[in-house]
Structure formats: C-alpha cells, structure tokens
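Working notes, beginning with the structure itself.
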Amino acid sequence: MKLAITGKGGVGKTTLTSLLAYLYAERGNAVLAIDADPSPCLGAALGIPRETLDTLTPIAEMEELIYERTGAQPGTMGGYFKLNPRVDDIPDRFSVKHRGITLLELGAVEKGGSGCICPESVLLKQLVSHILLRRGEVVLLDMYAGVEHLGRATADAVEAMIVVVEPTGRSMATAAQIKSLAADIGLTQLFLVGNKIQTMDERAFVESHSPDLPVLGFLPATLQVQAADREGKAAFDAVPQLAEAARGIAESLAGILHPSA
Ligand SMILES: Nc1ncnc2c1ncn2[C@@H]1O[C@H](COP(=O)(O)OP(=O)(O)OP(=O)(O)O)[C@@H](O)[C@H]1O
Ligand SMILES: [Mg+2]
Numbered sequence: 003m004k005l006a007i008t009g010k011g012g013v014g015k016t017t018l019t020s021l022l023a024y025l026y027a028e029r030g031n032a033v034l035a036i037d038a039d040p041s042p043c044l045g046a047a048l049g050i051p052r053e054t055l056d057t058l059t060p061i062a063e064m065e066e067l068i069y070e071r072t073g074a075q076p077g078t079m080g081g082y083f084k085l086n087p088r089v090d091d092i093p094d095r096f097s098v099k100h101r102g103i104t105l106l107e108l109g110a111v112e113k114g115g116s117g118c119i120c121p122e123s124v125l126l127k128q129l130v131s132h133i134l135l136r137r138g139e140v141v142l143l144d145m146y147a148g149v150e151h152l153g154r155a156t157a158d159a160v161e162a163m164i165v166v167v168e169p170t171g172r173s174m175a176t177a178a179q180i181k182s183l184a185a186d187i188g189l190t191q192l193f194l195v196g197n198k199i200q201t202m203d204e205r206a207f208v209e210s211h212s213p214d215l216p217v218l219g220f221l222p223a224t225l226q227v228q229a230a231d232r233e234g235k236a237a238f239d240a241v242p243q244l245a246e247a248a249r250g251i252a253e254s255l256a257g258i259l260h261p262s263a
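Residue numbers for the sequence shown follow our numbering, so the first one is 3 and each next one is one higher.
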C-alpha cells in the first residue's frame, strides 16, 4: 500500500498521516512514513521522543551525502551532476524507527525558477521514486498541497492519494486544484477525507462541495489533538475517537481499492 496525503495548509494532513501510520503498524505492517514538509513535523505528531528526532537530519540538508551521490554541491544549478544518484541505502540509514514505523524526513529544496534542476531535488525525486517502486512497506507520504514529489513515473506506484479538507470553501477549492494537478501526472485514485468536523451540516458541506471525489470518511474536531501535541503524545494513543475514525477511513479505502479482500 502506497498512499500520498495532501491538502491545503493546516487541514490535518500530518495528523491523518500519523493516525494511519499507527493503524497499519498495529496491524503488523512495516510502515515507512515520509515527511515531505519543508518544515518537518510528522515525527512530533507521531509522538516520537525529541531525543530520537534530534538524531534525524532531513535528506535535503545532508550536503555531504548530496555531493557524494550527485557529484555536485547542493544549492548549485547547471553544471554537471548525476541524474540517477544511488539512493537505495538512504531509507534505512537516514531514518528513525519507532513502534514499527520508520520515519524519513525529506526537508526543504530551495525553489528556483521553473525548470530548475538542482542536485538536492534530483536526489529527493530519485529517492521518492525508489521508495514507491521498490520498497515493500506500507508507504505514507505526508505532502504539502500539490504533487511536487511525484512525477509521471511514480504516479502509477501511488495506490491512492488522500486529499484532506476542512469544511471550508477554500480547502475545497484547493482539493479541486490538487485533483487537476494529479490528473496531469496520471494519478486517478483520489479520495477526500473531511477533518475538523463538528456538525452534520459540515459533513454535508464537504460532500456537496467535493470536486467529484469520493469521501472516505470524517474526523471530528477535538481540542484533544492540541492537548496531545503539548504532551508529546500521538493522537492515535491520546485521542481514541480519532483513532476510531481513522479505522473507518482505512476500511473505506480498503473496500474501494481491494473490494474482494
Ligand atoms: N481533528 C482535529 N481537531 C482539532 N484540531 C485539529 C484536528 N486535526 C488537526 N488539528 C490541528 O490543526 C493544526 C494543523 O494540523 P496538521 O499539522 O495535521 O495539518 P497539516 O495539514 O499537516 O498542516 P501543514 O500544512 O502545516 O503541514 C494542528 O494544530 C492540529 O493540532
Ligand atoms: Mg503537515
């Protein structure tokens, strides 16, 4: 299972990714959780201890590694460098493990002009492709709004993309944009999850404003998420109603992707 989680800023992508990571790990799957946010925070959402997270460096910041693999200094453009750097050892060497979940942080790539190819972005793209095409774990990719880390070559390997929305017009508009970006790279299995839901009207809003994407389920709004964050706990452990809602979402997804199972 390879899932990408996306959506407008702040809608709850990281929270949902953390819930699904524990859910699949609890079922005995090896889970590889990839934090593709330029300012990583999936590790904290997973409740991984600070001391452990401090040992982790986002791949994009590993200048020596980038130089060693691509033959070019990060931050440089043009010049010559390898377009297919070796990446197969990266997921195991530069990640941390916690309760059956392997966490990898990609880090921030400076955005150059359009068409910019820099060594760190080449390395990250190659890494994400490798993970999606060659790794056997359940892979969860916590992305920001968009499909930057996915290309045509990997779109097929992503089994489904979950677009998280809040019951707001703006987050629904972002979902529609993501749908069209995804279509451009041939990604067709797209689903919505409504987060921070308080009322039946809000559910109905998400359903009626969906850009024609099936809704897998809803997560209730609860201040317990913030409390869990302050206590350094995973929402999966600290907020049972969210864990339960995430189970429903995983069930709906399994029912659609693998109907006979
Ligand atoms: N179901 C919920 N109820 C209440 N608050 C929530 C819920 N889900 C997420 N939040 C809160 O909303 C904020 C954003 O959540 P989260 O970090 O998961 O979103 P995100 O989409 O990953 O954000 P970003 O775009 O910054 O990566 C956090 O403060 C989180 O605690
Ligand atoms: Mg996030």
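For every residue, glycine included, the Cβ atom is placed at its ideal position computed from N, Cα and C. Owing to the predicted nature of the structure, the values given are computational and were not obtained by experimental measurement.
Going by the C-beta, is residue i closer than 7 Å to any heavy atom of ligand 2?
| i | result |
| --- | --- |
| Lys181 | no |
| Asp231 | no |
| Asp144 | yes |
Could you check if residue i belongs to the surroundings of ligand 1, using beta carbon to heavy atom distance under 7 Å?
| i | result |
| --- | --- |
| Gly14 | yes |
| Tyr24 | no |
| Cys120 | no |
| Thr201 | no |
| Lys235 | no |
| Gln191 | no |
| Asp39 | yes |
| Gly11 | yes |
| Ala252 | no |
| Lys99 | no |
| Thr224 | yes |
| Leu105 | no |
| Val149 | no |
| Val141 | no |
| Asn31 | no |
| Gln243 | no |
| Thr17 | yes |
| Leu129 | no |
| Val166 | yes |
| Asn197 | yes |
| Leu55 | no |
| Leu5 | no |
| Leu134 | no |
| Gln1 | In the structure as shown, the chain begins at 3 and stops at 263. Residue 1 is therefore absent and cannot be evaluated. |
| Leu218 | no |
Opposite residue i in the DSSP bridges: which residues?
| i | result |
| --- | --- |
| Asp144 | Ile7 and Asp37 |
| Gly196 | Val167 and Phe220 |
| Lys99 | Thr104 |
| Ala162 | Leu5 |
Below 8 Å on the Cβ atoms is my contact criterion, and I expect residue i with residue j to pass it. Report the Cβ-Cβ distance as a whole number of Å.
| i | j | result |
| --- | --- | --- |
| Val98 | Ile68 | With 8 Å as the limit, Val98 and Ile68 do not qualify as a contact, their Cβ atoms being about 20 Å apart. |
| Ala229 | Leu189 | That belief does not hold up - the Cβ atoms of Ala229 and Leu189 are roughly 35 Å apart, past 8 Å. |
| Gly73 | Lys84 | 5 Å |
| His100 | Leu152 | No, His100 and Leu152 are not in contact; Cβ-Cβ is about 25 Å, not under 8 Å. |
| Leu55 | Gly45 | 4 Å |
| Val217 | Met3 | Actually they do not touch by this definition, with Cβ atoms about 19 Å apart. |
| Leu259 | Glu161 | 6 Å |
| Val89 | Leu125 | 7 Å |
| Val149 | Ile187 | 6 Å |
| Pro93 | Arg137 | 7 Å |
| Asp203 | Thr16 | 26 Å between Cβ atoms; not a contact. |
| Ala105 | Phe96 | Correcting the residue identity first, residue 105 is Leu in this sequence and not Ala. So it is not a contact: roughly 10 Å between Cβ atoms. |
| Val227 | Ala236 | Incorrect: roughly 10 Å between the Cβ atoms, too far for contact. |
| Leu221 | Leu255 | The pair is not a contact, with the Cβ atoms about 14 Å apart (cut-off 8 Å). |
| Ala32 | Gly102 | 7 Å |
| Ser262 | Val13 | Not confirmed; about 32 Å, so no contact. |
| Arg71 | Pro60 | About 15 Å separates the two Cβ atoms, so there is no contact after all. |
| Ala240 | Glu233 | 7 Å |
| Leu58 | Leu142 | Not quite, the Cβ-Cβ distance comes to about 17 Å (not below 8 Å), so this is no contact. |
Hey, is residue i's beta-carbon within less than 8 Å of any beta-carbon in chain C?
| i | result |
| --- | --- |
| Gly77 | In summary, chain C is missing from the structure at hand, where a single protein chain is found. |
- [ ] Count the CB pairs spanning the region 18 to 37 and the region 169 to 183 that are closer than 8 Å, and state whether there are at least three.
- [x] no
Task: the region 9 to 16 contacting the region 159 to 174, beta-carbon criterion three pairs below 8 Å - done: yes
Open item on the list: With a threshold of 8 Å, are at least 3 pairs of Cβ atoms found where one atom belongs to the region 39 to 49 and the other to the region 104 to 113?
Closed with: yes
Task: Segment contact flag, the region 212 to 220 with the region 194 to 204, C-beta cutoff 8 Å, min 3 pairs - done: yes
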